[in-house]
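Enquirer: Have a look at the structure that comes next, please.
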Amino acid sequence: MGDKGIQIMGLRKRYGSGNTAVEALKKVDMHVAPGEVVGLIGPSGSGKTTLLKCLGAVIEPTAGKMILGDDVIYDDGWKVKDLRVLRRDRIGFVFQAPYLIPFLDVTDNVALLPMLAGVPNAEARKRARELFKALDVEHRAKVMPSQLSGGEQQRVAIARGLVNRPPVILADEPTAPLDSERAVAVIRILNDVAKKFETAIIVVTHDGIIIPAFRRIYHIRDGVTYEEAGEGREFA
Amino acid sequence: MISLAGRDILHAWGKFVFTGMGLGLLIGITLSMAGIYRGMVDDAKVLLDNSGADLWVVQKDTLGPYAEPSSIYDDIWRGIRGIPGVDQAANITYLTMQVSKKGGDVRVLVAGMTPGGPGIPGWPPYLVAGRQITRSHYEAVADITSGLKLGECIKLRRNHYTIVGLTRRMVSSNGDPMIFIPLKDAQEEQFLKDNDAIWAQRRRTAENPAFNRPGVPGLLGAIIASQSTNPYVNAILVRVKKGYDPEQVAESIRRWKRLTVYTRSQMEEIVVGKLIATAAKQIFMFLVILSLVSSAIVAFIIYTLTLGKIREIAVLKLIGTKNRTIVGLIMQQSIALGVIGFVVGKIAATLLMAPIFPKYVLLEPLDSVIGFIAVVVICILSSIVAIHAALKVDPAEAIGG
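Residue numbers (our numbering), protein chains in the order written: chain A, 1 to 236; chain B, 1001 to 1401.
As structure tokens, then:
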């Protein structure tokens, strides 16, 4: 187990109280090392989304411990002052749909994050363009999101998740709206990105096409995670 | 940092511009209403300014001559002229009537002026065409908005008058154009009845034994003569000598002549505060209603625009955007909508509405500044509902589909 990436130990989340309480996460243990892409798989209602929201510092777990890089961010309570800054600087998000801001061009959609962190506009746009080169959407940098194909939009969304160089990326069914070919392309990109930028990536998915791509898979059922070795197939 | 509001507006500029234009027409009407109120006040002040008087001497205990009828003898001015501090004193009569002209009729305020020429209180201070009245009878000077032309002949009651001069901004407190005629003619117009009525009055007088005594020759003739003349005017306009306090001069006239005297500020208070008060209140109510309607429209538009961006707002919040930035996005859009609306409204009020309004519309720069500030404040307040909705958006909505 490495000392970077993200570690989760005994994470629990309960909604409500008394007779109506629901234990969405009962015992979650995970570790994703830098440069690694793991799958998180489970049926509907198993707790995937709740886990993603806890990892994304959007909702507060009930108990447990989370370590991001060298920092304990949660230990039976948040250990960071500003969750907004934590999300902005240390966690990247890739959503089921790209959710690009329709009134910003592709470059500014990505550059917005560093700009929000106080990076000068020119520097932020430079970072975005570097990522576009890596993700092969450089030629689409100046167009509006509505002019992109689904696959291009998802690549731009991945660039947005990466632009602040977060140690961890949470990808919520990133291939759901894509056909098989594009889904495979996206998972390949995530693998490349993880290696190139030393990023830990957790991919929540139902997509049987991409599941063989993971070397490790976490199954979640009834709020409990189980680790399993994956095929780690490399798609051509 | 880029302007999110600016980018959103540029992205959907058509929606913003057309919405702004719709709002602008409403703002234009609001500005025009304010302009109509200002026009009414200005009309009232112009009436006082153009009279050239410092004091108005009227019938005791009346608010004459504009807000109430007033009648005083036409020889009182001689005594007033002798009071210390009085520079000039001139009789004046006012009579509102409908005047026929080519192509219809027009409502006018007929003013009877004391002979003497320009400079005498009550005379139009300037002309835009023609000349001042030089003959003692049957000549008139008209305000250009009456539509009368030089040389045109009009009939006022029993007499015909030739328009010899045209003036401008000589209007009553209602905005009706004024026609100036000689005082004697005006007194006759106010008083003299038609021939049948005169004949009937003479017959009644002759049949009254008290007026037609056999032993008093000449009595009947004297009484009939007194009935056929009008020795009254509506007011005396007084100009005060330089260096004298108008209020002190007014007090002297009140004391020695037992008449009511108003200074300029008192007369302005009567005309603006009483004569047009109800109309002003109506316009104020319209202004309030239009402002509320504008606020509701802006609030609805901004709320709808914000609801259309809920998912984007959730994403922005999730990726670490400050609430302040999101508030700024909504508020700036609201203000931008207001600014577009104000510009359209100002242009519409100035170029489209004011010229075609039958009443004088005075669009003062200060009112525009106040209107602009009001629009911005209304837009800020109207965006509160949308801001509340945006701040309630849970960033978790971006996760989980």
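Just so you know, even glycine gets a beta-carbon here, dropped at the ideal spot from N, CA and C.
1) What are the partner residues of A1142 (chain B), as DSSP defines its beta bridges?
2) Do three or more CB pairs link the segment 1227-1241 of chain B to the segment 1086-1098 of chain B at distances below 8 Å?
3) Determine the direct distance from the alpha carbon of M1267 (chain B) to that of D1049 (chain B), and round the result to whole angstroms.
4) Could you check whether S1051 (chain B) and L1121 (chain B) sit closer than 8 Å to each other, using their CB atoms as the reference points?
5) DSSP beta-bridge partners for H219 (chain A)?
6) Can you tell me whether N1174 (chain B) is helix, strand or coil according to DSSP?
7) Any beta carbon of chain B sitting closer than 8 Å to that of F132 (chain A)?
8) Show which residues of chain B have a CB atom less than 7 Å away from the CB atom of F214 (chain A).
9) Hey, does R84 (chain A) have any beta-carbon neighbour from chain B nearer than 8 Å?
10) Return the chain-ordered list of same chain residues with a C-beta closer than 6 Å to the C-beta of L1329 (chain B), the five sequence neighbours on each side being excluded.
11) Just reading off the alpha helix (DSSP H) that F1342 (chain B) is part of, what are its end residues?
12) Output yes if chain B places a C-beta closer than 8 Å to the C-beta of P102 (chain A); else output no.
13) Could you confirm whether any beta carbon from chain A is found closer than 8 Å to the beta carbon of A1398 (chain B)?
14) For a test of the three-state rule: what should DSSP assign to M1033 (chain B), helix, strand or coil?
15) Give a yes or no on whether the minimum CB-CB distance between I59 (chain A) and chain B is below 8 Å.
16) Based on the DSSP secondary-structure assignment, which residues constitute the bridge partners of V1057 (chain B)?
17) Please name the residue in B:R1007, B:I1002 and B:G1035 whose C-alpha comes closest to that of E1364 (chain B).
18) For M1001 (chain B), name the three-state secondary structure that DSSP assigns.
19) Taking the alpha-carbon positions, what's the E1152 (chain B) to T1162 (chain B) distance?
20) What residue does the alpha helix (DSSP H) around G1221 (chain B) start on, and which one ends it?
21) Hey, is E1312 (chain B)'s beta-carbon within less than 8 Å of any beta-carbon in chain A?
22) Strictly under 8 Å for the Cβ-Cβ distance: is L1337 (chain B) near chain A by that measure?
23) Just how far apart, CA to CA, sit R1081 (chain B) and D1061 (chain B)?
24) In the segment 38-65 of chain A, which residues sit with their C-beta less than 8 Å from some C-beta in chain B, listed in chain order?
25) I'd like to know if R87 (chain A) contacts chain B, where contact means its C-beta is closer than 8 Å to some C-beta of that chain.
26) To be precise: take each residue of the segment 167-180 of chain A, compare its Cβ to all Cβ atoms of chain B, and keep it if any distance is under 9 Å. Which residues remain?
27) Looking at the structure shown, is M144 (chain A) part of a helix, part of a strand, or coil, going by DSSP?
28) Check whether the Cβ atoms of M1178 (chain B) and V1086 (chain B) sit closer than 8 Å, and answer yes or no.
29) T20 (chain A): buried (16+ other C-beta within 10 angstroms of its C-beta) or exposed?
30) Going straight from the alpha carbon of R182 (chain A) to that of L11 (chain A), what length do you get?
31) Under 7 Å Cβ-Cβ, which residues of chain A neighbour T1321 (chain B)?
32) Please name the residues in the segment 1341-1356 of chain B whose beta-carbon is closer than 9 Å to at least one beta-carbon of chain A, in chain order.
33) Could you name the residues of the same chain whose beta carbon sits closer than 6 Å to that of M144 (chain A), not counting the 5 residues immediately before and after it, in chain order?
34) If you reduce the DSSP assignment to three classes, tell me which class W78 (chain A) lands in.
35) Residues bridged to I169 (chain A) by DSSP?
36) Whose Cβ in chain A lies nearer than 8 Å to the Cβ of M1001 (chain B)?
Expert: If we stick to the structure as given:
1) B:L1166 and B:I1179
2) yes
3) 11 Å
4) It is Pro, not Leu, that sits at residue 1121 (chain B) in the sequence shown. Yes, these two residues count as a Cβ contact at 8 Å.
5) A:I41 and A:Y226
6) coil
7) no
8) By Cβ distance, chain B contributes nothing, its closest Cβ being about 20 Å from F214 (chain A), past 7 Å.
9) yes
10) L1004 and A1005
11) N1323 to I1347
12) yes
13) yes
14) helix
15) yes
16) B:I1236 and B:V1261
17) B:G1035
18) coil
19) 6 Å
20) L1219 to Q1227
21) yes
22) no
23) 21 Å
24) T49, L52, K53, G56, V58 and I59
25) yes
26) L170, D172, E173 and A176
27) coil
28) no
29) exposed
30) 34 Å
31) L116
32) none
33) D105
34) strand
35) A:G92 and A:I201
36) M115, L116 and N121
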